[in-house]
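Numbered per the numbering used here, the sequence shown spans residues 1 to 188. Using N, Cα and C, we set each Cβ at its ideal position, and we do this for glycine too.
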Amino acid sequence: MNFPKRENFQATEKPLVIVGSKNPVKIACTESAFTEAFSKGFVVNGITAASQVSDQPKGDEETYLGARNRVINARKTFPEADYWVGIEGGIGEDVRGMFAFAWIYVENKSGLHGKAKTGTFYLPEGIVKLVHSGLELGAADDQFFKQENSKQNGGSVGILTHGVITRQTYYNQAIILALIPFLNKELF
1 MNFPKRENFQ
11 ATEKPLVIVG
21 SKNPVKIACT
31 ESAFTEAFSK
41 GFVVNGITAA
51 SQVSDQPKGD
61 EETYLGARNR
71 VINARKTFPE
81 ADYWVGIEGG
91 IGEDVRGMFA
101 FAWIYVENKS
111 GLHGKAKTGT
121 FYLPEGIVKL
131 VHSGLELGAA
141 DDQFFKQENS
151 KQNGGSVGIL
161 THGVITRQTY
171 YNQAIILALI
181 PFLNKELF
């Protein structure tokens, strides 16, 4: 996909947001969240940007690092943007079981950044066993629920809530929370 170069944009053009993923759910929720937060339109495109963490990040630190690395790598690849967004899903475990969550990291061209984490939800034992066997959560969902490419659709949260919370709505709120510094620049 060819992206318009920043120098070709007119002053009236919409700001450009680059998502460090080509996942259509991540692109759509970013566009929705930015539009809601700023009450204006944006051009939102996704590019492949390495997370530089394991395929299935575990714990807050690795998952947060994956989101941040996606922004760093997207910015290197496409420096003409106004904002870069990294979304990284991860899993964690505690005494109550295995849970899923995601970190969001957003940066603008002046270097201001924001970050937020989604809510967490616990996974059923059948999924946990598949993840422990070495599968990524998306692959475990596909195998367990007999679906294909669920992580580019509703994901675990969509499957387990029967579509009440989609992957897009799940990320949407966290992206808006990550935009707090941009909505309140005088405080940050």
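Classification of residue i by the beta-carbon crowding that lies within 10 angstroms, buried from 16 upward
| i | result |
| --- | --- |
| residue 11 | Low local confidence applies: a pLDDT of 46 at residue 11 is under 50, so the model's placement there is unreliable, and no value is given. |
| residue 7 | Unreliable positioning characterises residue 7 in this predicted model, as indicated by a pLDDT of 49, which lies under 50. The coordinate reading is nonetheless provided below. Classification for residue 7: exposed. |
| residue 57 | buried |
| residue 187 | exposed |
| residue 115 | buried |
| residue 133 | exposed |
| residue 163 | exposed |
| residue 183 | exposed |
| residue 50 | exposed |
| residue 131 | buried |
| residue 106 | buried |
| residue 95 | exposed |
Contact check, residue i vs residue j, beta carbons under 7 Å
| i | j | result |
| --- | --- | --- |
| residue 136 | residue 60 | no |
| residue 42 | residue 79 | no |
| residue 100 | residue 156 | yes |
| residue 48 | residue 76 | no |
| residue 167 | residue 71 | no |
| residue 159 | residue 141 | yes |
| residue 35 | residue 85 | no |
| residue 126 | residue 145 | no |
| residue 172 | residue 33 | yes |
| residue 165 | residue 104 | no |
| residue 191 | residue 179 | Since the first and last residues shown for the chain are 1 and 188, residue 191 lies out of range. |
| residue 98 | residue 123 | yes |
| residue 102 | residue 118 | yes |
Whole-number beta carbon distance between residue j and residue i, since they are thought to touch under 8 Å
| i | j | result |
| --- | --- | --- |
| residue 120 | residue 88 | 14 Å between Cβ atoms; not a contact. |
| residue 73 | residue 20 | 6 Å |
| residue 18 | residue 81 | 4 Å |
| residue 45 | residue 83 | That belief does not hold up - the Cβ atoms of residue 45 and residue 83 are roughly 11 Å apart, past 8 Å. |
Continuous beta strand (DSSP E) stretch holding residue i: start and end
| i | result |
| --- | --- |
| residue 67 | Where residue 67 is concerned, there is no enclosing beta strand (DSSP E), although the alpha helix (DSSP H) it sits in stretches over 59 to 77. |
| residue 101 | 97 to 108 |
| residue 47 | Where residue 47 is concerned, there is no enclosing beta strand (DSSP E), given that its DSSP letter is neither H nor E. |
| residue 16 | 16 to 19 |
| residue 94 | 83 to 94 |
| residue 114 | 113 to 117 |
Alpha helix (DSSP H) segment containing residue i, residue limits
| i | result |
| --- | --- |
| residue 26 | 24 to 38 |
| residue 128 | 125 to 132 |
| residue 183 | 180 to 183 |
query: Enumerated in chain order, which unbroken segments of the alpha helix (DSSP H) with a length of 4 residues or greater are wholly contained in the stretch 139 to 168?
result: As far as the stretch 139 to 168 is concerned, its whole alpha helix (DSSP H) runs of at least 4 residues are 155 to 160.
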